[in-house]
Amino acid sequence: MVVKKESIFFYEFCFLLRKEIFKKVKYINRDILKYNSYKWNVIKNKPSYLAAYNYFHLLKKYFKEIASKKNKWYEHLFGSGTLNGHVCRVMLVSIKYGHLETLKYFIKKYSIKVEEYMRQFMVMAVRNGRLEIVKYLDSLGLGINKYTYRSMIGLAPLGLNFELLVWIAENKLADIIHLIVECIKIAMRSAAEVGRLDMLQYLMNKTLIPLANEADHCILQSAVQGGNVEMVEWLLQGSLSFNPMVNYIDTAALSGHLAMVKYLHHHNYGVSSRYLLYKSVQSGNLELVQWVYENLSTNVTSKFALNVAAEQGFLHVLQWINEHRNEGSSTTAIDKASWVSLSVVQWLHENRTEGCTSNAIEYALKAGHLDIAEYLFTNIPDKSNQKLFTISTLITSIEENIENNEILIFLLEHRHQLFKTEISYDDLIKCSKSFKNSKITIKSFKDKIK
1 MVVKKESIFF
11 YEFCFLLRKE
21 IFKKVKYINR
31 DILKYNSYKW
41 NVIKNKPSYL
51 AAYNYFHLLK
61 KYFKEIASKK
71 NKWYEHLFGS
81 GTLNGHVCRV
91 MLVSIKYGHL
101 ETLKYFIKKY
111 SIKVEEYMRQ
121 FMVMAVRNGR
131 LEIVKYLDSL
141 GLGINKYTYR
151 SMIGLAPLGL
161 NFELLVWIAE
171 NKLADIIHLI
181 VECIKIAMRS
191 AAEVGRLDML
201 QYLMNKTLIP
211 LANEADHCIL
221 QSAVQGGNVE
231 MVEWLLQGSL
241 SFNPMVNYID
251 TAALSGHLAM
261 VKYLHHHNYG
271 VSSRYLLYKS
281 VQSGNLELVQ
291 WVYENLSTNV
301 TSKFALNVAA
311 EQGFLHVLQW
321 INEHRNEGSS
331 TTAIDKASWV
341 SLSVVQWLHE
351 NRTEGCTSNA
361 IEYALKAGHL
371 DIAEYLFTNI
381 PDKSNQKLFT
391 ISTLITSIEE
401 NIENNEILIF
411 LLEHRHQLFK
421 TEISYDDLIK
431 CSKSFKNSKI
441 TIKSFKDKIK
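Residue numbers (UniProt numbering): 1 to 450.
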C-alpha cells in the first residue's frame, strides 16, 4: 500500500497539534485554575490516587496483584508491612473524600489492626465533615469513647458540617459538655477560624461557657483570620476586645480578606506590620493588593513584592505590580516561580531583565515540572545547561519514576549538558534494579550511553 506524502504530513500535523493542545490544557489547569492534574499511567499505579478518584474496581485489582507478588519468605510468614501501609493510606484518602463503601471494603477485606489506626481515621473524618463515616467508625466499637470525642469536637467545625458538630455534642458528649471547657474553647476557635458564626453561637448557647478577654483573645484573632466581619462584631459585643498592639490587619491580609482589612483599618483596630504588602501579595487577592498600595503603603516594605508574587505563581498580581510600581525584582523571581508556574517563568523572561540562577532548572525538576525545565533549558541556556547536576539527581528521578518517563528521558537526552561527570550505563542499570519502568527507559538508551 502506498501512503501519500500529504497523508504523512497531515498525520504529523495532527500529532503535533494534539501535543500542543494537551500542553495548553495542562497550563490552564495548573497555572490558571490551580488544579493538580495527573496522567492516567501515573494514577493507575498510585493506590491513593485511585482512592481519591474513587476507582473502586481498579483499587481492588491493584491490591490483588500486590498480594499475589508476595515473593519474599518473610512476607509469607509475617505479612507485608508495606501492604498494610498502602491499605491504611487508601483508607485515609477514602475517608477524606467521603468514599464510605471503599472504606468498608478494605476494613472487611484486609486484616490490619483497625483499632491501631482508628484515631487517624476519626481525625480525617471529622476534619473533613464526613458524618456518615464518623457514625460507621463509631459503630465498629474499636477503642472510640468519650475521650476520643473530647478531642474530636475541637476539630469538628473545620469540616464545615454543622450536623456533625451537633451530633458529637448531643450524642457523645451531652452529659459532660459543661465540664470540658478547654475542648469547647478549641472548638469555638476552630469555628471562628473558618468563619462559621452559626457554629460559634451554637457552642456558646449550648455550653454557656463565658469568654474572658485575656484568656480567650485567640478566638477573636481566629475570627479575623476567618474573614467574617459579622462574627467579629458579634464577639466585640460580648466580653472580647481588640489589643491595640496586635497585627490583626496582617492576619486578615494573609488570608486575602479585603473586607476585614478595610473594617479593621476603618475602626483603627490593632496595627499592621511593615510586611503587610507581602502578606497581601501572598494571598493572591489583587484587589486587596491594590487597596493596600493605595491606602497603607506609607509604612510598608515593597522592595520584593514582585518576587513574592512570582514565588506564589500569581501572574495577574505580578503583572499589575510590574505595570504600576517601580520597586524592581531580582533573579529570585524566576528561581522561585520555577517551582510553580510556567506562565510566570515565561512572562518574567520575556518582560524583565533580571534573569535567573542555576537554581531555577533544579527547582523545576524537583517539582516535577518538565515543561518549565524544557523552557529554561531552551531559552536560558547559560543558566540551565552548564553541567549543574550530580548523579544523585538522576537517581532521584529513577526512584520516583513510575510510568511517567518524561523527566528521566529529559535528563538522559541532555546528560552531556546537565551533568558534571560522565554517566555510566552500568551504574544506571544498577541504580534502576528495583525500578522496572526506569530500567526499561534506561535500556532504551543503551546504544547512546557508554
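Backbone N, C-alpha and C fix where the C-beta goes; we use that ideal spot for every residue, glycine too.
Around the beta carbon of Met188, a 10 Å sphere encloses 16 or more other beta carbons of the protein chains shown; the residue is thus reported as buried.
Under the 8 Å Cβ criterion, the stretch 166-184 counts as touching the stretch 145-155, having at least three qualifying pairs. Cβ neighbours of Phe162 within its own chain (closer than 7 Å, five residues either side excluded): Asp198 and Met199.
Burial check for His369: the Cβ neighbour count within 10 Å reaches 16 or more, so the residue is buried.
One thing to note: Gly195 has its Cβ no nearer than 8 Å to the Cβ of Gly143.
Runs of the alpha helix (DSSP H) lying entirely within the stretch 281-335 and spanning at least 4 residues, in chain order: 286-295, 305-312 and 315-324. Pairing Ser438 with Gly129, the inter-Cα distance amounts to about 40 Å. Between Gln282 and Val308, the C-beta gap is smaller than 8 Å, which places the two residues in contact.
In terms of Cα proximity to Gln386, the closest of His414, Tyr97 and Ile398 is His414. In this structure the stretch 348-364 touches the stretch 327-337; the number of beta carbon pairs closer than 8 Å is three or more. Between Ala310 and Leu276, the C-beta gap is not smaller than 8 Å, which leaves the two residues out of contact. Residue pairing by DSSP places Phe389 opposite Phe419 in a beta bridge.
In this structure Met245 is exposed. Its beta-carbon is surrounded by fewer than 16 other beta-carbon atoms within 10 angstroms. When the Cα atoms are used, His217 and Ala125 turn out to be separated by approximately 29 Å. The alpha carbon of Ser434 has as its nearest neighbour, out of Leu211, Glu400 and Thr421, the alpha carbon of Glu400. The Cβ atoms of Ser338 and Ala364 lie closer than 8 Å to each other.
Leu160 and Val229 have their alpha carbons spaced roughly 18 Å apart.
Comparing alpha carbon positions, the residue from Ile177, Asp427, Ser280 and Ser222 closest to Ala192 is Ser222. Within the stretch 351-386, complete alpha helix (DSSP H) segments of at least 4 residues are found at 359-366, 370-379 and 381-384, given in chain order. When Ala215, Phe314 and Ile409 are compared, the shortest CA-CA separation from Asn285 is found for Phe314.
Taking every protein chain shown into account, the CB of Pro381 has fewer than 16 other CB atoms within 10 angstroms, so this residue is exposed. Burial state of Asp138 is buried, judged by a 10 Å Cβ sphere holding 16 or more other Cβ atoms.
Under the three-state reduction of DSSP output, Val271 falls in the coil class, being neither helix nor strand. Ranking Val123, His178 and Leu179 by CA distance to the CA of Leu158 puts Val123 first. Just so you know, the alpha carbons of Gln120 and Gly98 end up roughly 15 Å apart.
By the neighbour-count criterion, in which a residue is buried when 16 or more other Cβ atoms sit within 10 angstroms of its Cβ, Ala373 is buried.
Apart from the 5 residues on each side of it in sequence, Leu408 sits with its Cβ closer than 7 Å to the Cβ of Ser397, Ile398, Asn401, Ser438 and Thr441 in its chain, given in chain order. DSSP, read as helix, strand or coil, puts Gly227 in coil.
When Ala215, His257 and Cys88 are compared, the shortest CA-CA separation from Phe106 is found for Cys88. Per the C-alpha coordinates, the member of Leu92, Leu100, Thr301 and Lys108 positioned closest to Met118 is Leu92.
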